[in-house]
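Going by this note's numbering, the sequence shown opens with residue 8, and the numbers climb by one from there.
From the three backbone atoms N, C-alpha and C, an ideal C-beta is built for every residue, glycine too.
Since the structure is predicted, the reported quantities are computational estimates derived from the model, not experimental observations.
Comments concern the structure below.
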Amino acid sequence: MSVPSALLHRYGVPAAVGLAVLVALLLPLNLLANQPLHHDEALYATWAVTLAAGDDPWLSATPIDKPPLFLLLVAGVFRLLGVTETVARLPSLLATAAIVMLTY
8 MSVPSALLHR YGVPAAVGLA VLVALLLPLN LLANQPLHHD EALYATWAVT
58 LAAGDDPWLS ATPIDKPPLF LLLVAGVFRL LGVTETVARL PSLLATAAIV
108 MLTY
């Protein structure tokens, strides 16, 4: 077995997983920044902004029928990085990369 094939055999799977995660992160970047929010994304972002401001969106006029973890994650990212459309999509992008990594 030559040195390059030994390296490929040794690092092939981690390199493939790394490449898959990299593709999962880079592929949606164009959509992340250049597309307007879909109506449900805008609604979730509105709820997350309310949470980030310290208010309780569950007491608002619009009933929330979604589990709170995603909204809490987006609200936390809003508090760290500010409120923008790109930041609203960041937790979903990172979750996508994590799912790809966990698959392998």
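What separation, rounded to the nearest whole angstrom, lies between the Cα atoms of A60 and V84?
As the crow flies, the alpha-carbon of A60 is around 12 Å from that of V84.
So which of D62, G25 and D47 has the shortest CA-CA distance to A82?
For the residues D62, G25 and D47, the minimum Cα distance to A82 belongs to D62.
Residue from P70, Y111 and L101 with nearest C-alpha to L33
Nearest neighbour of L33 by Cα position, chosen from P70, Y111 and L101, turns out to be L101.
Assuming A104 and V56 are in contact, meaning their beta carbons sit under 8 Å apart, how far apart are those beta carbons, in whole angstroms?
About 24 Å separates the beta carbons of A104 and V56, which is beyond the 8 Å limit, so they are not a contact pair.
Determine, using beta carbons only, whether V20 and V107 come nearer to each other than 9 Å.
No.
Limits of the alpha helix (DSSP H) - the one that L100 falls within
E92 to T110 is the extent of the alpha helix (DSSP H) around L100.
Which of the three DSSP states, helix, strand or coil, is assigned to M8?
Residue placement at M8 cannot be trusted, given a pLDDT of 48 that sits under 50; what the coordinates show is reported in the next sentence. DSSP places M8 in coil when its eight states are reduced to three.
If you compare alpha carbons, which of R86, S67, P75 and Q42 is closest to T93?
Nearest option by C-alpha distance: Q42.
By the DSSP assignment, the alpha helix (DSSP H) with H46 in it spans what residues?
Per DSSP, H46 belongs to the alpha helix (DSSP H) from H46 to A59.
Between which residues of its own chain and R86 is the CB-CB distance below 8 Å, once the five residues before and five after are set aside?
For R86, where only same-chain residues beyond five positions count, the Cβ hits under 8 Å are A59.
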